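One rule links them: number in our numbering = place in the sequence shown (from 1) + 27.
I have placed the structure first, in the form of structure tokens, so that the comments after it can refer back to it.
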Amino acid sequence: VMGGEQAATVLATIAKDQKAREGKQLSEADEAALKEPIIRRFEEEGNPYYSSAR
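Shown next, in the form of structure tokens:
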């Protein structure tokens, strides 16, 4: 099972690699903006009450 921070880091790494192939860089602000909603969603939907109410 993967937590929110781990998932966000994996997706940020993929985004960095994509930008690198384009000859660009992913800024720290862009990385934080990418990670924040992923972490938040994992925290909200990872709650046992969230999944049991579905």
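From the three backbone atoms N, C-alpha and C, an ideal C-beta is built for every residue, glycine too.
All values derive from a computational prediction rather than experimental measurement.
- Selection V28, A34, M29 evaluated against I65 yields A34 as nearest (Cα-Cα).
- Under the three-state reduction of DSSP, V37 is assigned to helix.
- Cβ contact annotation for E58 (same chain, cutoff 6 Å, sequence separation greater than five): A39, in chain order.
- Cβ-Cβ distances below 8 Å link S78 to E72 in the same chain, with the five nearest sequence neighbours on each side left out; the list follows chain order.
- Secondary structure note for K62: its alpha helix (DSSP H) is the uninterrupted segment 55 to 72.
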